[in-house]
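Number of protein chains: 4
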Amino acid sequence: MIIVMRTGAGKEQIENVIEKVHSFGLRTHPIYGVQKTVIGIVGDDKTRIVEKMHGMPGVEDIIPILQPYKFAGREAHPEDTVIALGDVRIGGEDVVVMAGPCAVEGEEMLLQTARRVKSAGARVLRGGAYKPRTSPYSFQGLGEEALKYLAEAREETGLLVITEVTDPRNVELVSRYADILQVGARNMQNFALLTEVGKSGHPAMLKRGPSSTVKDLLLAAEYVIIEGNRDVILCERGITTFETYTRNTLDLSAVPVIKDISHLPVIVDPAHATGRTHLVEPMALAAIAAGADGIIVEVHPDPDSALCDGPQALTLTQFDSMMGKVRSIAGIVGRGL
Amino acid sequence: MIIVMRTGAGKEQIENVIEKVHSFGLRTHPIYGVQKTVIGIVGDDKTRIVEKMHGMPGVEDIIPILQPYKFAGREAHPEDTVIALGDVRIGGEDVVVMAGPCAVEGEEMLLQTARRVKSAGARVLRGGAYKPRTSPYSFQGLGEEALKYLAEAREETGLLVITEVTDPRNVELVSRYADILQVGARNMQNFALLTEVGKSGHPAMLKRGPSSTVKDLLLAAEYVIIEGNRDVILCERGITTFETYTRNTLDLSAVPVIKDISHLPVIVDPAHATGRTHLVEPMALAAIAAGADGIIVEVHPDPDSALCDGPQALTLTQFDSMMGKVRSIAGIVGRGL
Amino acid sequence: MIIVMRTGAGKEQIENVIEKVHSFGLRTHPIYGVQKTVIGIVGDDKTRIVEKMHGMPGVEDIIPILQPYKFAGREAHPEDTVIALGDVRIGGEDVVVMAGPCAVEGEEMLLQTARRVKSAGARVLRGGAYKPRTSPYSFQGLGEEALKYLAEAREETGLLVITEVTDPRNVELVSRYADILQVGARNMQNFALLTEVGKSGHPAMLKRGPSSTVKDLLLAAEYVIIEGNRDVILCERGITTFETYTRNTLDLSAVPVIKDISHLPVIVDPAHATGRTHLVEPMALAAIAAGADGIIVEVHPDPDSALCDGPQALTLTQFDSMMGKVRSIAGIVGRGL
Amino acid sequence: MIIVMRTGAGKEQIENVIEKVHSFGLRTHPIYGVQKTVIGIVGDDKTRIVEKMHGMPGVEDIIPILQPYKFAGREAHPEDTVIALGDVRIGGEDVVVMAGPCAVEGEEMLLQTARRVKSAGARVLRGGAYKPRTSPYSFQGLGEEALKYLAEAREETGLLVITEVTDPRNVELVSRYADILQVGARNMQNFALLTEVGKSGHPAMLKRGPSSTVKDLLLAAEYVIIEGNRDVILCERGITTFETYTRNTLDLSAVPVIKDISHLPVIVDPAHATGRTHLVEPMALAAIAAGADGIIVEVHPDPDSALCDGPQALTLTQFDSMMGKVRSIAGIVGRGL
């Protein structure tokens, strides 16, 4: 922590600040510059108590030096985290493709989709059972019925299953069916939910909140990890900006940024950010080129009739075609599929 | 709903779109312009199924005409909603001030603060029992113990109590102690929580999410209202922008905007948005001048030692001084305090 | 400047950084913390050369301590700047209202508006002669003809004249007619224009760019001031955000922020930010309550027929009515009109 | 244009609106829905006069249907624009790489860089002669001297030259030396400059303003094109968002969006958006994967000593290495280098 004193802060103000820091059992290293005095602070400030000194007379700014997360950062864990589920390794050498419908709408459509994405190279089946929707009048998902269909589809195809959990009271139920629990963007700072997901011990994928910085995302992961669950996947899915042509703005630079400061795997969702089918393939390829550990995309046998997010789902044929290019791009950045 | 066809869309494409709309039992009014054809749609499209036609050949855009909310908008309910709690009327003629510490830290500090804010003209006591914090290492609140102190303070002072609920499993418990349930900004789209709050029948205050439009906020209110609970207060507390000097950017124009399109009361939180004490008073006065139905501010007997958000809390003396000006500004815009 | 070394940065990396800093003639104060080393730098780094060390091995971050502006900040000039023009003092005790049409459309409409806003208490007449427009197909202003009408209106009413300059080649011409040169939001970082405005010695008002931080705005002012022109007014007019209901989001907290860190007067434009007539009055009142030194608003005798920005202009009657409340609010925050 | 009337708008209000539209010589097609009336407008509204009816009683919204640009959109010009300069074709089958130092610092460093980027496959040499800088205290470029060095480097290497023009008074001078005029992000809505660039007839590259939508960028291009200059290249270089880890957020989805709605070539600048060397290569590869027609990157023989933007420049070796991968990715999306 560095405390920056205002230009013109008096000797007494500086001494009061130093004394206050000492009262917390921390040491100070004041540097008297030509215009300003800054006070470096050394010691273990677990509760970040120094940040509370913001209002003291003469204090201009308090600048944290250490990262606010302990377990999600690469400093604490220099090697990449690889999450092994059966023979799938998320964050490992191969990129992993997760595909399936936005919402599970029925048994047959799910199975048909699952078979097809499996044969095209997907390793994980996605499908919503509980759908958080901005409007209460939109389709909210089939609930446990959908979970059963997902489990069946896994049985038949060998795909892993990822599905969203939206309520701390459902974590136990969803964990019975799913291989990976997804926490949606709108729940990224639903701390009650994150804590339950952490306690479940189940691998989890956290989607970045639309107004969350990369640092906020790592702090959300920290909520899961401190419960003892280190199998956390991060997912870039677009942030809120002023551009209205796309629903959100996919922040692909977050991929190399996260790989630099964290050891956790990073997956990209190119469809929710853009909200338009014709943008899915280019952004999926770009994600792999940027170094993502995988992508999650919506595939629907008949997007026009989808009960949820139809405009952004790929047809089975479009998915097949995209997968060929994903494989090639992965090869160029040194990875398999 | 209006469907805009692409320039150059062929006759067959237009006919296919019209036929599809008819298949949903809706009527069409095509307008053939010089460059483009637009198709007006008339009828009751409850499920907004027309929005799913986005991917059809020749379709450029689909523009909704009706507001997506039914109960939160002024169209359905032209008169202002006034929430009467004892002799306090939120959304009525008088502006209402809610004040108290960020977090309830103990019995004595809470009582001391409650007495003082009461005598300065506040009508509602705020104080966090459950604190959602970006970092898992920050103080998370005293829980039920804090709820008990709040109830005591109400007993003694006659102030109403507002406190945050963060978990659907706690709604029942918090409802036993609080007069108004607060849903925090990070939980504005936690639909499981909104639904429980709606079912509780308790008056609720929804804080606008940092990346939520005014329309999203009204849709969140809709989640509460459709459970039968119409006593919803909206709270502007700042949105996420690129400006870093303040923590968030307080969007005061949201106040007259919401008053125009909704009948629900609007409260402004000037402290969380700005994150700096010296900005609280000017923005509180500006909020009242802009037409807010009230403000919610943090007051702490000793902000420097606060366990939560100290830098933005007012001292008791600062609060007293601000209240005099709040009263005067309220008078100019035709309201009491 | 503070250089933060990465966790795990080796002794040699630290020494290389220190040596490099010394090679610029600056002194270093390393602080060896438990996890990280930070290096405080003391000395006069006029060219901010230390910032270029970002890429050196082991360097995690470089944090500036001094403000990047010299003349626009309050540190260099603790007293408020008051710009005296005739008997009008901008930034002084009274708030100043600037009013008039978006664009000067003709002699008669301008005179009629000028007389009326004068009698309601405005001190400065606004009116565009050169209009920067997002679309080349929109009305671009009458040019020098408009400047002549503005000068006539000043002659008759005694109002000061403010008008926008959009091209460095026109600064001399516009200076002949206007009392205050306005630099529009889209030109806030048009440095060729800022430099000419600075050289003109004419009082200038800089509108904040829609994606500019307060710091960027002060740096733009710095461009004018270093040419020897200290009569700079800053204008908050809304920033770009995700909210679409209003055209931009008026950042009223920028008012007390700027008053804290700068000595320059601050004017608020409530109309361009909101883009809707019914929001102009509430935001104008809020601006005065927040401590602005004045407001600039659009008034048109017949907004429906205005050639530019009609939807946000007040009628003469609406302006009269607003001015009464502006005067009252000004009184409460200790100012006249 | 579609006019949406408010719910509850009376018969007389609707008739007044229709009459007003007719008075402009336009035809109306009212659609009377269950809740709302919308009025479709047909005819040639060149001056967009209908937009000015926003304030009329009963009008809720006015929705434009036609794109605001005429020449920059794909509707007017379905085939891709390819700009041929010597044997380089921008927007053609091959992707084009533009590389060189941020600022031209001297003859020798420029030549050395030019030779190296040429041999690695670049076709265009970039280098700033006039540098717009946020701070007036930063290096502003060598001016005409730099232009001469650029021309020399072209002479020797056969590379084309792109350099920025910042002042309408310099367009003629810069055109004498450069093959492509660059208009920087901060000048994207400097309409005086755009008009001069248009008149010059010189190929131009417009960088997207940091708070500009894709639509605003196309309108800026329109300013150049209506002067008769159709050789306009668009450049995505990052937009302003709340994320602070990167300087701006590179909006790669803008690439397929622009390719869809416009015929103009799109280049991506991965360095200015990210501001960090280690992000340049991943984002450059992602840009090509997303369908960009080329990239523009900063290369410096010794980034640590660069007078401008050192932290984001590649070394010559890093550039060589990146170019191999650029070529491979280009191949996968069906293009050469």
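Chains as they are written, first to last, in the numbering used here: chain A, 1 to 337; chain C, 338 to 674; chain L, 675 to 1011; chain Y, 1012 to 1348. We put the beta carbon where it would ideally sit given N, CA and C, even for glycine.
Between the region 1246-1259 of chain Y and the region 229-244 of chain A, the count of C-beta pairs closer than 8 Å reaches three or more; the two stretches touch. Judged by pairs of C-beta atoms under 8 Å, the region 1092-1105 of chain Y does not touch the region 1067-1082 of chain Y, as fewer than three such pairs exist.
Not one beta carbon of chain A lies nearer than 8 Å to the beta carbon of Ile339(C).
Contact annotation for Asp657(C) against chain Y: no contact, minimum CB-CB distance about 35 Å [criterion: below 7 Å].
Looking only at Asp1098(Y), Met1109(Y) and Lys1057(Y), the smallest Cα-Cα distance to Lys1129(Y) is reached by Met1109(Y). Distances from the alpha-carbon of Val1279(Y) to those of Ser1273(Y), Leu1161(Y), Asp1098(Y) and Gly1302(Y) put Gly1302(Y) closest. With a minimum length of 4 residues, the unbroken runs of alpha helix (DSSP H) contained wholly in the region 157-230 of chain A fall at 171-177, 191-200 and 214-225. For the options Val371(C), Pro394(C) and Ile386(C), the alpha carbon positioned closest to that of Glu352(C) is the one of Pro394(C). Minimum Cα-Cα distance from Thr166(A) among the listed residues Val4(A), Gly141(A) and Leu264(A) corresponds to Gly141(A). As computed with DSSP, Ala1114(Y) is found in a beta bridge with Gly1139(Y). Under the three-state reduction of DSSP output, Tyr149(A) falls in the helix class. Among the residues facing chain L, Gly1111(Y) is not included, as its CB has no counterpart in that chain under 8 Å away.
Between Thr1018(Y) and Glu356(C) a beta carbon distance of about 29 Å is seen, past the 8 Å cut, so the two are scored as non-contacting. In the three-state reduction of the DSSP assignment, Pro270(A) falls in the helix class, which pools H, G and I. Here the alpha carbon of Glu1118(Y) sits roughly 51 Å from the alpha carbon of Arg27(A). Around the CB of Thr213(A), 16 or more other CB atoms lie within 10 Å, so the residue is classed as buried.
Residues Ala1083, Leu1217, Val1243, Leu1245 and Leu1275 of the same chain have their beta carbon placed closer than 7 Å to that of Ala1232(Y), with the five preceding and five following residues left out of the count.
Measuring C-alpha to C-alpha distances from Glu870(L) to each of Ala852(L), Arg882(L) and Glu846(L) identifies Glu846(L) as the nearest. At the C-beta level, Arg523(C) and Pro607(C) stay beyond 8 Å of one another. Using a Cβ-Cβ distance cut-off of 8 Å, the region 1161-1171 of chain Y and the region 823-830 of chain L are not in contact, since fewer than three pairs of beta carbons, one from each stretch, lie closer than that value. Judged by DSSP secondary structure, Ala758(L) falls within the beta strand (DSSP E) whose first and last residues are Ile757 to Leu759. Around the Cβ of His359(C), a 10 Å sphere holds fewer than 16 other Cβ atoms; the residue is exposed. Within the region 32-48 of chain A, the residues whose Cβ lies closer than 7 Å to some Cβ of chain L are Gly33, Val34, Gln35, Lys36, Val38, Gly40, Val42 and Asp44, listed in chain order. Rounded to whole angstroms, the gap between the alpha carbons of Pro136(A) and His391(C) is 21 Å.
Using a Cβ distance threshold of 8 Å, Gly1335(Y) and Glu1104(Y) do not count as a contacting pair. Taking C-beta separations shorter than 6 Å and ignoring five residues to either side along the sequence, the partners of Ile368(C) in its chain run Val375, following chain order.
Excluding sequence positions up to five before and after Leu555(C), its CB lies within less than 7 Å of the CB of Tyr406, Ala409, Gly410 and Ser599, all in the same chain and listed in chain order.
In chain order, Arg911, Gly912, Asn922 and Leu924 place their CB closer than 6 Å to the CB of Ala947(L), counting only its own chain and leaving out the 5 sequence neighbours on each side. The three-state secondary structure of Glu1071(Y), taken from DSSP, is strand. In this chain, Gly377(C) is not harboured by any alpha helix (DSSP H); it is covered by the beta strand (DSSP E) spanning Thr374 to Val379. Assignment of beta-bridge partners to Pro367(C) by DSSP yields Ile376(C). Leaving aside the five residues that flank Gly535(C) on each side, the residues in its chain whose CB is nearer than 6 Å to its CB run, in chain order, Val561, Glu564 and Asn566. Between Ser200(A) and chain Y, the shortest Cβ-Cβ separation is not below 8 Å. Neighbours of Ile65(A) in chain L, taken as residues at a C-beta separation under 8 Å, are given in chain order as Val678, Gly707, Lys710 and Val712. Taking a C-beta distance under 8 Å as the contact criterion, Gly546(C) and Thr500(C) do not qualify as a contact pair. Within the region 3-23 of chain A, those residues whose Cβ lies closer than 7 Å to any Cβ of chain L are, in chain order, Val4 and Thr7.
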